[in-house]
Structure formats: C-alpha cells, structure tokens
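Undergrad:
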C-alpha cells in the first residue's frame, strides 16, 4: 500500500511539473515570465488555450504619448471583429461601481473597511484613446474594453456601463469575448501588419527599465497627496 501511495504522489508531481513547463512555453511565446501580474499571465494562458493566435496577443504595452510619458496597457488582442483592450484587476471583497463615476469602492470585512480606487472603465478608456492615436491612420476597426476582476471578489453592484465596455469576473471572461465576437460583424483592418508592428513596438517599450521607472514616477506624481492640504 505505501508503494501505491508513493507512486500516486509521484505521478501527481510529475503531472504538475509537465503542466507548469507547458504553461511556461505558452507564455514565453508572448511575454516574459516576470512581466505583468500573475492575473495577467493567467489571462494570456486562457486566451492561448482558447485558440487565439500568439501573434495577435500583446502584453504589457507602453504607449508613448506626445508629451513623452507613457500609457501602460495590460493586454491587447486582435480579433476578427475588432481590438480587445483588457484592464486586469486583482481584488478581494465586494466591488461597487458606476461607469460614470471617478471612483469605485472595495468593501472588506462585511462592510467595516472601505477603499476607493480609480474607475477601471475610465482608466481603460484613457488607454484606448492613446491606442487610437497610434493606430488611427492604419486601422478604423472597433475597440472593445474589457475590465477583468481576478481574486476573491464579488461584483456586487456595477452599473451604467458604456457601449463596447464590459466588466466581468475572470471565470466569465471567455463568455464575454465570445459574446463580442458572435454579436459583431467581421471587420477589415486595412493595414493589419502595420497595426501589429505598432503594438509590438509598444511591448518593446516596456522592456526598458528607465521607461518603467519613469512611468511609476509619473503615476506617483499624478496621485501625489502631498499637494492636498486638509
């Protein structure tokens, strides 16, 4: 009996190793293992396993603005009906939000703790605006915003979601993507190779450590509470 148990445990660990190596191979075709968050990498794996081409998935993009700063985008996917732009969040607790408001609310400890965070729909909209500026001359295809919540959270009350915007928990993200693809017509990218080239350049921007540091400093400056006098 001990031998049988040992064999079962050994097979289980061998399976985990093979599965982990398989996922690593998938990821390395699209991104670097250390880039982004674990939630973002989980989403990449789900997309690849669902049949999306690794050549049309772009992770951790840094889109350069005209003023020299960068807009960081979690994930962009090219599909036959348009471009999907993902904002990936990892939260616990209850999530309350209105598409029109600046701030959303995270509630923890059965209502005893409340935290505000910037509206992810507006956050992703700003990314899409910058993306349009980059590819607008080469493609006029529709762009769809998908905010994906990972973690042990519940979307308690989310309302007033604009058209072409979607908010979902991670376990339903493929359902959202299928809905978008099945509900819209196939589009012509006009110059898809140029769009891909631009997106690849945006991914390469994120490989520069100085760019990453500058982006972090810009965000800190944007939300700096030292300028608030209470």
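Numbering (the numbering used here), first residue to last: 1171 to 1400.
C-beta: ideal position from N, C-alpha, C; glycine also.
If you draw a straight line from the alpha carbon of residue 1345 to that of residue 1225, how long is it in whole angstroms?
TA: Against the chain shown, residue 1345 aligns to sequence position 175. Against the chain shown, residue 1225 aligns to sequence position 55. Whole-angstrom Cα-Cα distance: 22 Å.
Undergrad: Looking only at C-alpha atoms, which of 1199, 1217, 1321 and 1253 sits nearest to residue 1132?
TA: As shown, the chain starts at 1171 and ends at 1400. That puts residue 1132 outside it, with no answer to give.
Undergrad: If you run the structure through DSSP and keep just helix, strand and coil, what is residue 1232?
TA: As a position in the chain shown, residue 1232 is number 62, starting the count at 1. Correct three-state label for residue 1232: strand.
Undergrad: For residue 1349, count the other beta carbons within 10 Å of its own beta carbon; 16 or more makes it buried, fewer makes it exposed. Which is it?
TA: Along the chain shown, one-based indexing puts residue 1349 at 179. By the 10 Å Cβ count, residue 1349 comes out exposed.
Undergrad: Compare the Cα-Cα distances from residue 1205 to each of 1236, 1222, 1237 and 1243 and report the closest residue.
TA: Taking the first residue of the chain shown as 1, we reach residue 1205 at position 35. Out of 1236, 1222, 1237 and 1243, 1243 has the C-alpha closest to the C-alpha of residue 1205.
Undergrad: With DSSP run on the structure shown, which of helix, strand or coil describes residue 1415?
TA: Lying before the first or after the last residue shown, residue 1415 is absent from the chain, which here runs from 1171 to 1400.
Undergrad: Can you check whether the CB of residue 1283 is closer than 9 Å to the CB of residue 1263?
TA: One-based indexing of the chain shown puts residue 1263 at position 93. One-based indexing of the chain shown puts residue 1283 at position 113. Cβ atoms of residue 1263 and residue 1283: closer than 9 Å.
Undergrad: Evaluate contact between the segment 1211-1224 and the segment 1284-1291, counting only Cβ atoms and requiring at least three cross-stretch pairs below 8 Å.
TA: The segment 1211-1224, when compared against the segment 1284-1291, does not touch it at the 8 Å Cβ threshold.
Undergrad: Going by DSSP, what residue range makes up the beta strand (DSSP E) through residue 1324?
TA: For this step, residue 1324 is matched to residue 154 along the chain shown. From DSSP, the beta strand (DSSP E) with residue 1324 extends over 1323-1329.
Undergrad: Alpha carbon to alpha carbon, how far is residue 1322 from residue 1340?
TA: Stepping through the chain shown from its first residue, residue 1322 is reached at position 152. Stepping through the chain shown from its first residue, residue 1340 is reached at position 170. Rounded to whole angstroms, residue 1322 to residue 1340 spans 10 Å at the Cα level.
Undergrad: Which of the three DSSP states, helix, strand or coil, is assigned to residue 1310?
TA: Within the chain shown, the letter at position 140 stands for residue 1310. The answer is coil: DSSP assigns residue 1310 none of H, G, I, E or B.
Undergrad: Take the Cβ of residue 1315 as the centre, count every other Cβ of all protein chains shown within 10 Å, and call the residue buried at 16 or more, exposed below.
TA: Position 145 of the chain shown, counted from the first residue, corresponds to residue 1315. Burial call: buried.
Undergrad: Mind pulling the alpha helix (DSSP H) runs of 4 or more residues that sit fully within the segment 1205-1250?
TA: List check, alpha helix (DSSP H) in window: 1208-1219.
Undergrad: Going by DSSP, what residue range makes up the alpha helix (DSSP H) through residue 1366?
TA: As a working mapping, residue 1366 is identified with position 196 in the chain shown. Element bounds for residue 1366: 1362-1375.
Undergrad: Any idea if residue 1272 is buried or exposed, counting beta-carbon neighbours within 10 angstroms, 16 or more meaning buried?
TA: Sequence index remark: in the chain shown, residue 1272 carries index 102 (1-based). Exposed, because fewer than 16 other Cβ atoms sit within 10 Å of the Cβ of residue 1272.
Undergrad: What is the residue span of the beta strand (DSSP E) that residue 1341 lies within?
TA: Taking the chain shown and counting its residues from 1, one reaches residue 1341 at position 171. Unbroken run through residue 1341: none, as it is neither H nor E.
Undergrad: Hey, out of 1201, 1319 and 1251, whose CA is closest to residue 1257's CA?
TA: Against the chain shown, residue 1257 aligns to sequence position 87. Residue 1257 has its Cα closest to that of 1319, out of 1201, 1319 and 1251.
Undergrad: So, helix, strand or coil for residue 1261, using DSSP?
TA: As a first step, residue 1261 must be located in the chain shown, where it is residue number 91. Here residue 1261 sits in coil by DSSP.
Undergrad: If contacts are defined as beta-carbon pairs under 8 Å, then residue 1313 and residue 1259 qualify, I think. What distance do you get, rounded to the angstrom?
TA: As a working mapping, residue 1313 is identified with position 143 in the chain shown. As a working mapping, residue 1259 is identified with position 89 in the chain shown. So it is not a contact: roughly 19 Å between Cβ atoms.
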